[in-house]
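**Student:** Each residue of the sequence shown is one higher than the one before, starting from 4 at the first, in this note's numbering. Each residue gets a CB set at the ideal place from its N, CA and C atoms; glycine is no exception. Can you keep this structure in mind? I'll have questions shortly.
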Amino acid sequence: MSLLALTILFPLIGFVLLAAGRNKLPESVAAIIGVGAVGLSALFALIAGMSFVGSGEAVYVQHLWTWFNVGGFAPGISLQLDGLSLLMLGMITGVGFLIHIFAAWYMRGEEDFARFFSYFNLFVASMLLLVLGDNLALLFLGWEGVGLCSYLLIGYYYQNPANGFAAIKAFTVTRVGDVFLLIALFLLYQQFGTLNIAEIVATAPVVMTASSTLTIVTALMLFLGAAGKSAQIPLQTWLADAMAGPTPVSALIHAATMVTAGVYLCCRMFSVFELAPEVMVFISITGAVTLIVAGFAALVQTDIKRILAYSTMSQLGYMFMAVGAEAYQAGLFHMLAHAFFKALLFLSSGAVILAYHHEQNIFKMGGLFKRNKFLFACFAIGGGALAAIPFITVGFFSKDAILGAVWVKGNSIAIYDCLYWTGVAGAFLTSIYTFRLIWVVFFGKENTPYHEIKGVTYWGPLAILAVLSTFVGAALKAPVEKLLNSAQIPAFNVPEILEHGMHSAEHTAVGIALFGLAVGVALFAFAYGAVKSFANTSFGAGLANICRNALGFDALYDIVFVKPYLFFAKLFGRDPVDALWLVLPALVKGGNRFTSSRQTGSLREYASSMTLGLVVLLMILIVTQIVGK
């Protein structure tokens, strides 16, 4: 366990070496450093994890040094390992390592190869700092680090201005959430006098007053910070545009790092949220609305990566529904399952994109089943897990547990009954758009010439992730629950009287998801002509446009925030306050120019001006005398 710091140190060293070498390093050397750094991090994470589990301790803290000391506030650079952070550590380094291996194949021949891996290594190091920090100040440092790396990686192809705008958008929107998180940190320090996570979680029921205004505001600020990183409404608009980066970046952001940070924060700070039940309900509602909006948006996308991006947003909605229903362990296991199948889907999509000469429009693909059955198997397994196909995919064992918990919660709080059916509707939509994606890409006419792809660094990570996305990955559920119990993350208790009803609710969700799959088959395999005819009608085209733009949040924000900001920026661009002080010198200069223009050297003009001056003086004198009398 004393080697815990090395899990962060190796990616940091990799970042420094790659950043210093940049274009001077050969591709093979840069790949060895970049992949090797994360591989060593994963190895030492495994060693530290085995040592921790073997010790039987509930928590291990490794204090490295004091960060700073200001007025008694002295946060430490201290790493905390417990069941929850060990789960995150394994997910980040394990899945991250597989993504790095695939990226070494995918990015071959790209300009600035070393620069890419330097950002990649820094991303992993920042995420590890976020989940291992024992205080919220250190967590916030890692939080900002992943935000910076997302900006650098989304805008990696900076020669295209659209990619730069996408990176700026992601950075700006997530910064809004970060401001809320920073406010939450100030409020927590005001109440607790510390930002140590363990102390806050343990003493929250004593220090904070349940449902008080201050408690509600603190919990709400924490959640809004989480919503920014995890792309929940109203801070969700950045995620789809983040697809501008290379495909391995999308896999790392969506599967193993950035978007999971919000879920981790909410589960880590569960005791604060439980003192604000109003916020817990709000969290579940936000997750439910997000998953429905994302589901409709994914139905009509044509870009393979954007479909997967909206599916990520939807699955994160399920995780937040679980958090709001106090089913933290179900939400965290779904996060792990999602890491497996979403990394599989994104990396598989990257292989598909390369096979079709960097084409991303699914309707310009087609016929891939005949060309590459391995990729089809990967997509089928990943898509099946996304749609929660029963018994054979890991998604079934994680998603249905969430819906069952929400149904149970609905027996005590009515709104959760509605949220359960919203989640079921989301599962229905997921099945339809998942089948649509697979059918269009792998079947039908081949619209773009296929390019053969090969290499162990391509199929190796996909094969491992494919296995983990099946029922094999579900075998991790019991060990994960054991870890979370040791970290005192509350388990969801189901009253005995409701157990049968919960299982019925789970079966209902499975049935409707399978019905959605049948609808997808009917619509796209047998009645696609009717679908296209409907899409060509004015109503169908309008509906598709609304869904394609994810219900118009971007347009709304452009009107409400962007255009007013640009207007005022232009208005105040010359700084009117400074301009006001220029009035006095302008008056002096104007007077100088007027008097100077009167110096003509003409005696006639001088005599006339003197006479006029005398007349004015006499008139003033006469008026003064009259007024005096």
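1. Taking contact to mean 3 or more Cβ pairs, one atom from each stretch, closer than 8 Å, check whether the region 40 to 50 and the region 95 to 106 are in contact.
2. In the DSSP output, what is residue 85 paired with across the bridge?
3. Give me the DSSP bridge partner(s) of residue 76.
4. Let me make sure I understand the geometry here. Which of 288, 589, 485, 428 has the alpha-carbon closest to that of residue 418?
5. Is residue 87 near residue 271, with beta carbons less than 8 Å apart?
6. Assign residue 163 to one of two classes, buried (16 or more other C-beta atoms within 10 Å of its C-beta) or exposed (fewer than that).
7. Below 8 Å, how does it come out for the region 507 to 516 and the region 417 to 436: are there three or more Cβ pairs, yes or no?
8. If you follow the alpha helix (DSSP H) that residue 291 is in, where does it begin and where does it stop?
9. DSSP has residue 68 in a bridge; who is on the other side?
10. So what does residue 396 bridge to, in DSSP terms?
11. Suppose you measure from the CA of residue 545 to the CA of residue 301; what does that come to, to the nearest Å?
12. I need the straight-line Cα distance from residue 225 to residue 591, nearest angstrom please.
13. I'd like the span of the alpha helix (DSSP H) that includes residue 444, first residue to last.
14. Is residue 52 helix, strand or coil by DSSP?
15. Between residue 442 and the rest of its own chain, which residues show a CB-CB distance below 7 Å, the 5 nearest in sequence each way excluded?
16. Looking at the secondary structure, which residues open and close the alpha helix (DSSP H) in which residue 334 lies?
17. Taking the continuous alpha helix (DSSP H) assigned at residue 588, which residues delimit it?
18. When we look at the beta-carbon of residue 341 and count the other beta-carbons within 10 Å, is it buried (16 or more) or exposed?
19. Residue range of the alpha helix (DSSP H) that residue 511 falls in?
20. Just the Cα atoms here: how many angstroms apart are residue 587 and residue 565?
21. Let me know the secondary structure DSSP gives residue 370 once reduced to three states.
22. Determine whether the beta carbon atoms of residue 316 and residue 239 lie at a separation below 8 Å.
23. Kindly indicate which residue of 352, 166, 236, 407 has the alpha-carbon position closest to the one of residue 297.
24. With DSSP as the reference, identify every bridge partner of residue 364, one or two as the case may be.
25. At a cut of 8 Å, does the region 18 to 26 reach the region 57 to 69 through at least three beta carbon pairs?
26. Going straight from the alpha carbon of residue 140 to that of residue 80, what length do you get?
27. If the criterion is Cβ atoms closer than 8 Å, does the pair residue 150 and residue 177 meet it?
28. Between which residues of its own chain and residue 214 is the CB-CB distance below 8 Å, once the five residues before and five after are set aside?
29. Are the Cβ atoms of residue 103 and residue 123 separated by less than 8 Å?
30. Taking the beta carbon of residue 375 as the centre, do at least 16 other beta carbons fall within 10 Å, making it buried, or is it exposed?
31. Just to confirm the assignment, what range does the alpha helix (DSSP H) spanning residue 224 have?
32. Considering only DSSP beta bridges, list what residue 136 is partnered with.
33. According to the neighbour-count rule (16 or more other Cβ atoms, all chains shown, within 10 Å of its Cβ), is residue 507 buried or exposed?
34. Residue 168: which of 128, 218, 248 sits nearest, CA to CA?
35. Closer than 6 Å by C-beta to residue 379: which residues in its own chain qualify, once you throw out the five before and the five after it? Chain order, please.
36. Helix or strand or just coil, what does DSSP make of residue 539?
**Tutor:** Result, derived from the coordinates:
1. With three or more CB-CB distances shorter than 8 Å, the region 40 to 50 counts as touching the region 95 to 106.
2. Position 82 of the sequence shown, counting from 1, holds the residue named residue 85. The partner list for residue 85 (beta bridge, DSSP) reads 62.
3. On the sequence shown, residue 76 is found 73 positions in, with the first residue counted as 1. The partner list for residue 76 (beta bridge, DSSP) reads 73.
4. Indexing the sequence shown from 1 puts residue 418 at position 415. Here the closest residue by C-alpha is 288.
5. Within the sequence shown, the letter at position 84 stands for residue 87. Within the sequence shown, the letter at position 268 stands for residue 271. Yes, the Cβ-Cβ distance between residue 87 and residue 271 is below 8 Å.
6. Looking up residue 163 in the sequence shown gives position 160. Counting Cβ neighbours within 10 Å, residue 163 comes out exposed, since fewer than 16 surround it.
7. Result yes; three or more Cβ-Cβ pairs closer than 8 Å.
8. Within the sequence shown, numbered from 1, the residue matching residue 291 stands at position 288. It spans 280 to 303 - the alpha helix (DSSP H) in which residue 291 sits, taken as one unbroken run.
9. Here residue 68 refers to the residue found at position 65 of the sequence shown. DSSP lists 80 as the bridge partner or partners of residue 68.
10. In the sequence shown, counting from the first residue as 1, residue 396 sits at position 393. Note: residue 396 sits in a beta bridge opposite 473.
11. Stepping through the sequence shown from its first residue, residue 545 is reached at position 542. Stepping through the sequence shown from its first residue, residue 301 is reached at position 298. One C-alpha to the other measures close to 16 Å.
12. As a working mapping, residue 225 is identified with position 222 in the sequence shown. As a working mapping, residue 591 is identified with position 588 in the sequence shown. If I take the Cα positions, the gap works out to 56 Å.
13. Here residue 444 is taken as the residue at index 441 of the sequence shown, counted from 1. Here the alpha helix (DSSP H) through residue 444 covers 418 to 445.
14. Taking the sequence shown and counting its residues from 1, one reaches residue 52 at position 49. Helix, per DSSP.
15. For the purposes of this step, residue 442 is identified with residue 439 of the sequence shown, where counting begins at 1. Excluding residues within five positions, the ones whose Cβ falls inside 7 Å are 527, 528.
16. Along the sequence shown, read from residue 1 onward, the residue named residue 334 stands at position 331. Where residue 334 is concerned, the enclosing alpha helix (DSSP H) stretches over 331 to 358.
17. Looking up residue 588 in the sequence shown gives position 585. Start and end: 586 to 600.
18. Here residue 341 is taken as the residue at index 338 of the sequence shown, counted from 1. Counting Cβ neighbours within 10 Å, residue 341 comes out buried, since at least 16 surround it.
19. Along the sequence shown, read from residue 1 onward, the residue named residue 511 stands at position 508. Segment 502 to 524, the alpha helix (DSSP H) holding residue 511.
20. In the sequence shown, the residue the question calls residue 587 occupies position 584. In the sequence shown, the residue the question calls residue 565 occupies position 562. Rounded to whole angstroms, residue 587 to residue 565 spans 36 Å at the Cα level.
21. Against the sequence shown, residue 370 aligns to sequence position 367. Reduced to three states, the DSSP call for residue 370 is coil.
22. Counting from one through the sequence shown, the residue named residue 316 turns up at place 313. Counting from one through the sequence shown, the residue named residue 239 turns up at place 236. With contacts defined by Cβ atoms closer than 8 Å, residue 316 and residue 239 form a contacting pair.
23. The residue given as residue 297 occupies position 294 in the sequence shown. It is 236.
24. What you label residue 364 is simply residue 361 of the sequence shown in a count that begins at 1. Per DSSP, 306.
25. no
26. In the sequence shown, the residue the question calls residue 140 occupies position 137. In the sequence shown, the residue the question calls residue 80 occupies position 77. Distance between the alpha carbons of residue 140 and residue 80 is about 9 Å.
27. Counting from 1 along the sequence shown, the entry for residue 150 is found at position 147. Counting from 1 along the sequence shown, the entry for residue 177 is found at position 174. Contact: yes.
28. Reading the sequence shown from its first residue, position 211 is the one you call residue 214. If we look at residue 214 and ignore the five residues flanking it on each side, its Cβ neighbours are 278, 279, 280, 281.
29. Here residue 103 refers to the residue found at position 100 of the sequence shown. Here residue 123 refers to the residue found at position 120 of the sequence shown. A contact, by the Cβ cut-off of 8 Å.
30. The residue you call residue 375 lines up with position 372 of the sequence shown. Counting Cβ neighbours within 10 Å, residue 375 comes out buried, since at least 16 surround it.
31. Taking the first residue of the sequence shown as 1, we reach residue 224 at position 221. Where residue 224 is concerned, the enclosing alpha helix (DSSP H) stretches over 216 to 232.
32. Within the sequence shown, the letter at position 133 stands for residue 136. DSSP lists 82 as partners of residue 136.
33. Along the sequence shown, one-based indexing puts residue 507 at 504. Exposed, by the Cβ-count rule.
34. Working through the sequence shown from its first residue, we reach residue 168 at position 165. Selected option, being the one with the closest Cα: 248.
35. Along the sequence shown, one-based indexing puts residue 379 at 376. The residues are 372, 445.
36. Within the sequence shown, numbered from 1, the residue matching residue 539 stands at position 536. Of the three classes helix, strand and coil, the one that applies to residue 539 here is helix, per DSSP.
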